[in-house]
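Engineer: In my numbering, the protein residues as written are 4 to 196.
We put the beta carbon where it would ideally sit given N, CA and C, even for glycine.
As the structure is a prediction and not an experimental result, all values here were calculated from the model.
Can you keep this structure in mind? I'll have questions shortly.
Rendered as structure tokens:
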């Protein structure tokens, strides 16, 4: 609560601006910077297997969007979809819950149980939640979603489960995603978000 109050007080101080956020101006890329971003291959003949995996493998496009806007939108949605809460741990109901309820054995058992559950279910669930959040965010911003085969998707996307991609890999993929999102209108039909 104190952190939220402190942040809101900072925003109220004249001349203090947050470094990033919805009100921040998108970064302006030069034509040469945009031209240097490789346009991924998108053309393919879909198979029944490809169509069945469009919930996982897709790209976004919005007609009339500049690269700058697309990069800002993809970056913001990626940050929202990745959510720090998935990587910080802390699944106990409140701090000290296991120790209070079950003693030291409860703490140890809780840690082991959470680690095992996360190893079994966590990675795939985080990927699923990230995909859903990404679709919702980009859909809210007016982007259409288009299906893609897995091998083409892997050329310019990443999938996180037990950790985050390094910033250089992440940024390179987001640049390619922005290139696609702001590129020529796809010839295929959009699919439901």
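Does the distance from the C-beta atom of residue 43 to that of residue 190 stay below 8 Å?
Structural biologist: Position 40 of the chain shown, counted from the start, is the residue given in the question as residue 43. Position 187 of the chain shown, counted from the start, is the residue given in the question as residue 190. Their beta carbons are not under 8 Å apart, which means residue 43 does not touch residue 190 by this criterion.
Engineer: Would you call residue 67 buried or exposed, if buried means 16 or more other Cβ atoms sit within 10 Å of its Cβ?
Structural biologist: As a position in the chain shown, residue 67 is number 64, starting the count at 1. That one is exposed.
Engineer: How many Å lie between residue 46 and residue 133 at the Cα?
Structural biologist: Counted from its first residue, the chain shown places residue 46 at position 43. Counted from its first residue, the chain shown places residue 133 at position 130. Straight-line Cα distance between these residues: approximately 25 Å.
Engineer: So what does DSSP say about residue 147, is it helix, strand or coil?
Structural biologist: Sequence index remark: in the chain shown, residue 147 carries index 144 (1-based). Note: residue 147 maps to strand in three-state DSSP.
Engineer: Helix, strand or coil for residue 92 per DSSP?
Structural biologist: Position 89 of the chain shown, counting from 1, holds the residue named residue 92. Interpretation of residue 92 is limited by its pLDDT of 46, a score under 50 that renders its predicted location unreliable; the figure taken from the coordinates is listed afterwards. Residue 92: coil per DSSP, three-state reduction.
Engineer: Would you report the Cα separation of residue 150 and residue 62, rounded to the nearest angstrom?
Structural biologist: On the chain shown, position 147 is the one that residue 150 refers to. On the chain shown, position 59 is the one that residue 62 refers to. The alpha-carbon of residue 150 is positioned some 7 Å away from that of residue 62.
Engineer: Using only the alpha-carbon positions, how far apart do residue 184 and residue 65 sit?
Structural biologist: Counted from its first residue, the chain shown places residue 184 at position 181. Counted from its first residue, the chain shown places residue 65 at position 62. Using only the alpha carbons, I get a separation of about 6 Å.
Engineer: Take residue 195 and list the residues in its own chain whose beta-carbon comes closer than 8 Å to its own, dropping the five residues that flank it on each side.
Structural biologist: By one-based count along the chain shown, residue 195 stands at place 192. Answer for residue 195: 148, listed in chain order.
Engineer: If you follow the beta strand (DSSP E) that residue 63 is part of, which residue opens it and which one closes it?
Structural biologist: Along the chain shown, one-based indexing puts residue 63 at 60. Where residue 63 is concerned, the enclosing beta strand (DSSP E) stretches over 61 to 64.
Engineer: So the alpha helix (DSSP H) residue 54 belongs to, where does it begin and stop?
Structural biologist: Walking along the chain shown from the start, residue 54 turns up at place 51. Element bounds for residue 54: 51 to 55.
Engineer: Residue 31 and residue 71: beta carbons closer than 8 Å?
Structural biologist: Stepping through the chain shown from its first residue, residue 31 is reached at position 28. Stepping through the chain shown from its first residue, residue 71 is reached at position 68. Taking 8 Å as the Cβ cut-off, residue 31 and residue 71 qualify as a contacting pair.
Engineer: Looking at the strands, I want to know which residues DSSP matches up with residue 135.
Structural biologist: Translated into positions along the chain shown, residue 135 becomes position 132. According to DSSP, which records beta bridges pairwise, residue 135 is partnered with nothing at all.
Engineer: Measuring CA to CA, which of 152, 74, 176, 169 is closest to residue 33?
Structural biologist: Counting from 1 along the chain shown, the entry for residue 33 is found at position 30. When each option's Cα is compared against that of residue 33, the closest is 74.
Engineer: For residue 182, collect the residues of the same chain with a Cβ closer than 6 Å to its Cβ; drop the 5 residues on either side in sequence, then sort them by chain order.
Structural biologist: Counting from one through the chain shown, the residue named residue 182 turns up at place 179. Hits under 6 Å: 40, 42.
Engineer: To the nearest angstrom, how far is the alpha carbon of residue 52 from that of residue 58?
Structural biologist: For the purposes of this step, residue 52 is taken as the residue at position 49 of the chain shown. For the purposes of this step, residue 58 is taken as the residue at position 55 of the chain shown. So the alpha carbons of these two residues sit roughly 12 Å apart.
Engineer: Whole angstroms is fine: what's the gap from residue 55's alpha carbon to residue 177's?
Structural biologist: As a first step, residue 55 must be located in the chain shown, where it is residue number 52. As a first step, residue 177 must be located in the chain shown, where it is residue number 174. The straight-line gap from Cα to Cα measures roughly 25 Å.
Engineer: Name the two residues that bound the continuous alpha helix (DSSP H) containing residue 192.
Structural biologist: Taking the chain shown and counting its residues from 1, the one referred to as residue 192 is at position 189. Run containing residue 192: none; DSSP gives neither H nor E here.
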